[in-house]
Every structure is written in structure tokens, then in C-alpha cells.
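Here is the structure we will look at.
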């Protein structure tokens with residue numbers, strides 16, 4: 048039975064899993080759960096994932112959610128997966144776990160906060176919360192600084208590795224979500240972080256052509272959102 | 573030199589072994605394994621040797637490698653566990669620090685506990701920054717490895733010390749995946765809610781740090797949602813998380829998180845936790861499974877609880893006296 052991946056290409060962790068499966072020749076069926084239409088709250092999907100989040104995988108009669116857990120499972124279950132994605136060396140593996148754990152409360156929290164406050168709220172006509180936006184940007188910039196000065200200090204990929212791991216795929220997918228910001232905001236926030244920008248390019252190259260293929264939906268949404276927000280501020 | 577090595581696979585038994593290759597050449601096999609199976613426990617970090625992997629077989633979940641190693645190189649014993657002591661940097665008021673300390677004690681892992689007092693900002697000292705540039709606790713140092721993030725630490729310790737019972741971090745790929753899943757969920761939900769609520773409603777005001785009512789309300793919402801998910805999803809199938817009959821590292825981490833709520837007033841503690849019977853039972857079960865260490869490591873937390881409740885009671889009596897005047 049083919050692996051089922053319930054996901055939305057607008058979701059950062061969903062993209063990481065899709066790219067990973069393609070890179071490693073894992074056969075799968077992609078089932079879109081449109082989060083902008085709240086399909087993750089439908090009773091049919093809740094029966095699969097009671098947390099109502101994407102992504103989720105169903106492998107035979109085994110269901111799993113949380114993208115880090117999914118990527119680790121796929122790395123271990125499918126023998127064709129190249130070893131650099133989830134190294135078997137205890138120490139190297141511990142560093143991958145450390146980066147994935149750090150990601151939750153740092154890069155992810157900052158990035159999601161920035162997108163919610165600067166893109167999703169204005170798009171839905173909701174009032175701008177300056178304090179929340181400031182907090183989110185502080186968290187995001189702190190996380191980018193730590194990526195630049197710590198995680199990427201020793202080599203092209205996280206923790207000084209010469210090839211990408213599942214942590215690189217997941218975290219780069221997160222940085223890509225910032226494409227949804229206005230061009231001005233995106234450049235203002237990201238341009239000081241040269242190593243981060245290079246690392247995104249290196250991860251893209253290492254996962255070509257699938258990286259760009261699965262980010263197509265994001266680029267399209269970016270262009271639409273930017274036009275909509277520009278139109279709304281034009282109206283004001 | 574012909575040698576037979578037994579090891580416990582880091583990957584499920586049905587998958588390929590970590591990278592043994594049939595061709596001769598330097599660094600043919602670079603993988604971590606430990607020499608186990610009722611013999612001396614040594615961690616062999618890497619095997620840099622000319623080695624041809626002649627045969628592999630699986631016996632009772634242990635993988636047996638037959639290696640042919642050239643005569644002028646020996647299988648490298650990089651670390652002898654008996655010479656190394658893990659250093660654990662943390663403090664017992666910190667939920668994840670307690671989990672790491674309890675885990676070491678329960679599994680007989682020799683360690684040195686080095687207190688980093690966060691209230692005194694010791695986590696920002698230059699010496700600690702060398703250990704963990706994130707300035708957070710806990711962190712461990714094991715030989716050359718400096719590691720932070722408690723989930724990563726517990727996974728590493730489970731694998732590096734063969735005496736750790738397998739239920740803490742099962743090698744079965746499905747059970748292990750479920751443990752990863754709950755550990756990941758924990759970050760964004762229970763930890764965010766519980767730590768956020770206790771910090772903003774109690775510890776911040778006590779330390780003179782400003783806290784916002786909206787933040788407290790939001791944290792409590794996340795906490796209550798998390799407790800509901802614990803009760804109805806994670807604990808629905810068995811005494812421990814994800815339907816397990818014995819505790820895993822996830823149970824230890826999350827139970828220590830719940831224990832932080834003991835710092836609240838008795839009224840708030842009972843109001844928040846009272847409806848969740850499975851959660852309360854599970855905390856007791858985790859305590860029993862790790863006795864007597866769980867209670868011992870939580871002594872400092874209970875001393876603080878007693879102090880806070882007495883302070884509240886005194887404040888409340890003063891307020892009552894004032895209002896009568």
C-alpha cells in the first residue's frame with residue numbers, strides 16, 4: 048500500500064516531507080488538506096489526525112503526525128534513504144535532534160508570528176497588533192542570528208555538516224515561508240544574514256529540481272498576497 | 573585479525589545496517605555501535621579500519637557482524653565508558669533539567685550535576701556560554717560532545733548507555749516514531765502552555781518582571797487544550813503516552829512539565845488539573861516507575877511551593893486586615 052501524505056504545499060513542514068520523499072524515491076500519494084479553507088478541521092481529517100494539523104502520514108495502518116517525527120520515521124523505514132539525511136552516528140544524530148528541537152520554539156515561532164501578524168491579519172481585515180508583531184520579529188531575528196553565528200558557523204549545512212540532513216530541509220522550508228512577506232520586509236529582515244541566504248541556496252541545489260517544484264504554490268501565493276495587500280493600502 | 577562484534581542497531585532490524593560495505597579500503601565502516609551482549613559495555617565511536625564485512629545476521633534483535641580487520645590496525649576503542657562521567661548542567665527548578673537528572677539516576681548513569689542558577693543569571697556566564705551558546709538549561713557534556721535540548725539529550729543517553737532499559741526509547745520503528753511525535757507536540761503545546769502560564773502568572777511577578785494579562789490568558793488556554801489532548805488522545809490507550817505499557821522518555825519529560833503546576837496556588841492547581849483523571853493517574857504512574865528518584869529530584873520544587881503558598885496566605889491575611897480597617 049502506498050504511503051499517504053496529507054498536506055498543504057503552503058505549509059512549511061508539508062513541503063519538507065514532499066521534497067524528502069521525492070529525493071529518496073519514496074512512492075507516495077499526496078492528499079491536499081487546504082488549510083486556508085480550514086479543511087484540517089473537517090471530521091474526516093480529525094479522524095486521521097486529532098490535532099487537526101498538517102502534515103500527517105498514513106503508512107498502511109500506521110498513522111503519524113509532527114513533521115520531525117515523520118522525517119525520522121521515513122529515514123529509518125525506507126532503506127533507500129541516503130545516510131546523510133539522518134546519520135547513524137550517535138553524535139551526529141544527536142546534533143540533528145538538537146537543531147530540530149531548537150527550531151520549534153525559535154525559528155518556527157518567530158517565522159509563524161511574523162507571517163500571521165504581517166500577512167494573515169491584514170489579509171483578513173483584522174487589526175494590526177504592533178506589540179505582537181514586534182515580539183514576533185524579535186524572536187525571528189534572534190533565531191536568524193543564532194542560525195548565522197552558531198548553527199551555520201562551521202560549514203554549508205547545520206552543525207558543520209557537508210551534506211544536508213532532515214533538519215536542513217525542515218528549517219529551510221521555514222525560512223522560505225518568509226517569502227510571503229512584502230519584498231521590502233523580506234529583504235530588510237533577511238539580507239544581513241549572508242550565511243543563512245547561502246544555506247537556503249545550497250539546500251535548494253542539493254534537492255533540485257524538487258525544491259522549486261514544491262515551492263511553486265508558495266511563490267504564487269506570495270505574488271497574490273503582495274498584490275492584495277498593496278491594493279488594500281492603496282484603498283486607504 | 574578476525575573479529576565478531578555484536579551491536580544493537582540504531583535502525584530497525586529489518587533495515588540495512590548502518591553502512592557496512594564490502595569493499596576494502598580505509599574508513600570502510602564508520603558507524604556507532606556498542607559492544608554489548610553480556611560483555612563489557614564500551615562505546616565504539618568509529619571504526620577506522622580496513623575491514624571487510626564478511627557476514628551480518630540478526631539474532632534476538634542483536635546484530636552480529638563478522639569483520640575482517642587488517643593485522644596492523646585494531647578495532648579502535650575510542651571511549652571506555654568507565655573513564656567518562658557525563659556532566660549535566662541544569663537546576664532542579666527547571667522541568668527538563670529534572671527529567672534528565674531523574675533519567676540518569678533511574679538508569680544508573682554516572683553523572684556530575686552542575687547547578688546553573690537561572691535566577692542568578694548563571695546561564696549567561698562566559699563559561700556556560702561555551703557549553704551552551706543558547707544560554708539555556710539543561711545541557712550535557714559527554715567527552716567531546718556538548719549537547720543541549722532535553723529531548724535530544726535523553727535520546728542520546730538512551731542510545732549511548734546500553735544498560736538503559738529499552739522501554740525508555742524502544743528500537744521498534746513504530747513505537748519510536750510515536751515517542752518522537754509526542755515529544756514534538758510537547759514543544760508547541762504542553763510546554764508552551766504550562767511553562768508560559770506558570771512563568772507569566774507567578775514567577776515573573778515574583779521576580780519583578782512585567783507580565784501581561786492577555787499573555788496569561790493565552791497561556792492558560794494553550795495549557796487547558798494540551799491537558800485535554802493528553803487526556804483524550806495521548807493517554808487514551810494505556811497507562812503511558814502513545815499507548816505504551818511502560819514509560820518512555822516522553823512520559824518523563826511531560827510528567828516533569830505537569831509537576832511545575834505544583835507551584836500554583838492549591839486552588840488554581842486543582843481548578844486546572846482536577847478534571848483530568850487520566851493525566852493525574854499517569855503522573856502517579858510515572859512517579860512510581862521512577863521511584864524514589866522522581867520525588868527526591870522534586871523536593872526543591874515542593875519547598876518552593878510551600879514558600880509561595882505561605883507568602884500568598886500572609887499577603888491575603890494582610891489584605892483582609894486592611895479591608896476591615
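Protein chains in written order, with the working numbering: chain A, 48 to 283; chain B, 573 to 897. Cβ coordinates follow ideal geometry from the N, Cα and C atoms, glycine included. Predicted model, so just to flag it, every value in this text is computed and none were measured.
With a threshold of 7 Å between beta-carbons, can residue 211 (chain A) be considered close to chain B, or not?
Against the first chain, residue 211 (chain A) aligns to sequence position 164. Residue 211 (chain A) does not count as touching chain B.
Going by other Cβ atoms of all chains shown within 10 Å of its Cβ, with 16 needed for buried, is residue 598 (chain B) buried or exposed?
For this step, residue 598 (chain B) is matched to residue 26 along the second chain. Note that residue 598 (chain B) scores 34 on pLDDT, short of 50, meaning its location in the model is unreliable and no value can be drawn from it.
Minimum Cβ-Cβ distance from residue 723 (chain B) to chain A less than 7 Å:
What you label residue 723 (chain B) is simply residue 151 of the second chain in a count that begins at 1. True, the Cβ-Cβ gap to chain A drops below 7 Å.
Interface flag, residue 806 (chain B) vs chain A, CB-CB below 7 Å
Along the second chain, read from residue 1 onward, the residue named residue 806 (chain B) stands at position 234. Judged by the 7 Å Cβ criterion, residue 806 (chain B) is not in contact with chain A.
What do you get for residue 595 (chain B), buried or exposed, if any count of 16 or more other CB atoms within 10 angstroms of its CB means buried?
For the purposes of this step, residue 595 (chain B) is taken as the residue at position 23 of the second chain. Model confidence at residue 595 (chain B) stands at a pLDDT of 33, short of 50, so the residue's coordinates are unreliable; what they give is reported in the following sentence. It counts as exposed.
Separation of residue 187 (chain A) from residue 267 (chain A), as counted between CA atoms:
Position 220 of the first chain, counted from the start, is the residue given in the question as residue 267 (chain A). Position 140 of the first chain, counted from the start, is the residue given in the question as residue 187 (chain A). If I take the Cα positions, the gap works out to 24 Å.
Using a C-beta cutoff of 7 Å, does residue 68 (chain A) count as contacting chain B?
Position 21 of the first chain, counted from the start, is the residue given in the question as residue 68 (chain A). Answer no: the Cβ-Cβ gap between residue 68 (chain A) and chain B never drops below 7 Å.
Residue burial classification, residue 185 (chain A) (beta-carbon count within 10 angstroms, cutoff 16)
On the first chain, position 138 is the one that residue 185 (chain A) refers to. With fewer than 16 Cβ atoms within 10 Å of its Cβ, residue 185 (chain A) is classed as exposed.
Tell me which same chain residues have a C-beta within less than 6 Å of the C-beta of residue 254 (chain A), skipping the five on either side of it?
For this step, residue 254 (chain A) is matched to residue 207 along the first chain. So the list reads 66 and 70, once near-sequence residues are dropped.
Does the Cβ of residue 849 (chain B) have 16 or more other Cβ atoms within 10 Å, making it buried, or fewer, making it exposed?
Here residue 849 (chain B) is taken as the residue at index 277 of the second chain, counted from 1. With fewer than 16 other Cβ atoms within 10 Å, it is exposed.
With 7 Å set as the bound, which would you pick, yes or no: does the beta-carbon of residue 705 (chain B) sit closer than that to a beta-carbon of chain A?
In the second chain, counting from the first residue as 1, residue 705 (chain B) sits at position 133. With 7 Å as the cut-off, residue 705 (chain B) counts as an interface residue toward chain A.
Complete runs of the beta strand (DSSP E) confined to the stretch 53-134 of chain A [at least 3 residues]
75-79, 103-106 and 109-112
Using only the alpha-carbon positions, how far apart do residue 730 (chain B) and residue 272 (chain A) sit?
Taking the first residue of the second chain as 1, we reach residue 730 (chain B) at position 158. Taking the first residue of the first chain as 1, we reach residue 272 (chain A) at position 225. Going by the C-alpha atoms only, they are around 47 Å apart.
Does the CB of residue 148 (chain A) have a neighbour CB from chain B at under 7 Å?
Your numbering for residue 148 (chain A) matches position 101 in the first chain. Interface residue, yes.
Check each residue of the stretch 107-131 of chain A: if its Cβ is closer than 7 Å to any Cβ of chain B, include it; give the result in chain order.
109, 111, 112, 113, 115, 116, 119, 120, 123, 124, 126 and 130
Kindly indicate the opening and closing residues of the beta strand (DSSP E) around residue 661 (chain B).
Numbered from its first residue, the second chain carries residue 661 (chain B) at position 89. 658-662 is the span of the beta strand (DSSP E), which, as asked, contains residue 661 (chain B).
Roughly how far, in whole angstroms, is the beta-carbon of residue 746 (chain B) from the beta-carbon of residue 109 (chain A), given that I think they are within contact range, below 8 Å?
By 1-based counting over the second chain, the position of residue 746 (chain B) is 174. By 1-based counting over the first chain, the position of residue 109 (chain A) is 62. At roughly 6 Å, the Cβ-Cβ gap stays under 8 Å, so residue 746 (chain B) and residue 109 (chain A) are in contact.
Determine the closest residue to residue 244 (chain A) out of A:274, A:113, A:120 and A:205, with distance taken between C-alpha atoms.
Translated into positions along the first chain, residue 244 (chain A) becomes position 197. Looking at the Cα atoms, A:205 is the closest of the given residues.
Host beta strand (DSSP E) of residue 684 (chain B) (start-end):
The count along the second chain starts at 1 and reaches residue 684 (chain B) at position 112. Unbroken beta strand (DSSP E) run through residue 684 (chain B): 683-687.
Could you compute how far the alpha carbon of residue 142 (chain A) sits from the alpha carbon of residue 888 (chain B)?
Within the first chain, the letter at position 95 stands for residue 142 (chain A). Within the second chain, the letter at position 316 stands for residue 888 (chain B). Approximately 49 Å, taken between the alpha carbons.
Determine the chain B residues that contact residue 98 (chain A) at a beta-carbon separation under 9 Å, and present them in chain order.
Residue numbering aside, residue 98 (chain A) sits at position 51 when the first chain is read from its first letter. Chain B residues near residue 98 (chain A): 757, 761, 801 and 805.
When the Cα atoms are used, what is the spatial distance from residue 238 (chain A) to residue 224 (chain A)?
Residue numbering aside, residue 238 (chain A) sits at position 191 when the first chain is read from its first letter. Residue numbering aside, residue 224 (chain A) sits at position 177 when the first chain is read from its first letter. Computed Cα separation, rounded: 15 Å.
Is the shortest distance between the beta-carbon of residue 787 (chain B) and the beta-carbons of chain A less than 7 Å?
Locating residue 787 (chain B) in the second chain gives position 215, counting from the first residue. No, because no Cβ of chain A sits closer than 7 Å to the Cβ of residue 787 (chain B).
Using C-beta distances below 6 Å, list every residue in its chain close to residue 751 (chain B), excluding the 5 sequence neighbours before and after it, in chain order.
Counted from its first residue, the second chain places residue 751 (chain B) at position 179. The answer, listed in chain order, is 820 and 822.
CA nearest to the CA of residue 61 (chain A), picked from A:261, A:275 and A:95:
For the purposes of this step, residue 61 (chain A) is identified with residue 14 of the first chain, where counting begins at 1. Among A:261, A:275 and A:95, the Cα nearest to that of residue 61 (chain A) is on A:261.
Measure from the C-beta of residue 272 (chain A) to each C-beta in chain B and report whether the shortest distance is under 7 Å.
Along the first chain, one-based indexing puts residue 272 (chain A) at 225. By this cut-off, residue 272 (chain A) is not an interface position.
Residue 711 (chain B) - partner residues in DSSP beta bridges
Against the second chain, residue 711 (chain B) aligns to sequence position 139. Its beta-bridge partners are B:661 and B:720.
May I ask you to list the residues that DSSP assigns as paired with residue 50 (chain A)?
As a first step, residue 50 (chain A) must be located in the first chain, where it is residue number 3. Per DSSP, A:75.
Distance, residue 88 (chain A) Cα to residue 97 (chain A) Cα
On the first chain, residue 97 (chain A) is found 50 positions in, with the first residue counted as 1. On the first chain, residue 88 (chain A) is found 41 positions in, with the first residue counted as 1. Distance between the alpha carbons of residue 97 (chain A) and residue 88 (chain A) is about 9 Å.
DSSP three-state call for residue 809 (chain B): helix, strand or coil?
In the second chain, counting from the first residue as 1, residue 809 (chain B) sits at position 237. In the structure shown, residue 809 (chain B) sits in coil (DSSP, three-state: anything other than H, G, I, E or B).
In this structure, how does DSSP classify residue 736 (chain B) when only helix, strand and coil are distinguished?
Residue mapping note: residue 736 (chain B) aligns to position 164 of the second chain, counting from 1. Residue 736 (chain B) falls in the coil class under three-state DSSP.
Nearest to residue 708 (chain B) by CA position, among A:124, A:149 and A:106, is which residue?
The residue you call residue 708 (chain B) lines up with position 136 of the second chain. Comparing Cα-Cα distances from residue 708 (chain B) to each of A:124, A:149 and A:106, the minimum goes to A:149.
Quick one: is residue 165 (chain A) buried, meaning 16 or more other Cβ sit within 10 Å of its Cβ, or exposed?
As a position in the first chain, residue 165 (chain A) is number 118, starting the count at 1. Buried.
Residue 753 (chain B) at chain A interface by Cβ criterion, 7 Å:
Along the second chain, one-based indexing puts residue 753 (chain B) at 181. True, the Cβ-Cβ gap to chain A drops below 7 Å.
Please work out which residues of its chain come closer than 7 Å, Cβ to Cβ, to residue 680 (chain B), disregarding the five sequence neighbours upstream and downstream, and give them in chain order.
Numbered from 1 along the second chain, position 108 holds the residue referred to as residue 680 (chain B). Same-chain partners within the cutoff: 735.
Find out if the Cβ-Cβ distance for the pair residue 686 (chain B), residue 659 (chain B) is shorter than 7 Å.
Walking along the second chain from the start, residue 686 (chain B) turns up at place 114. Walking along the second chain from the start, residue 659 (chain B) turns up at place 87. Yes, the pair counts as a contact, with Cβ atoms nearer than the cut-off.
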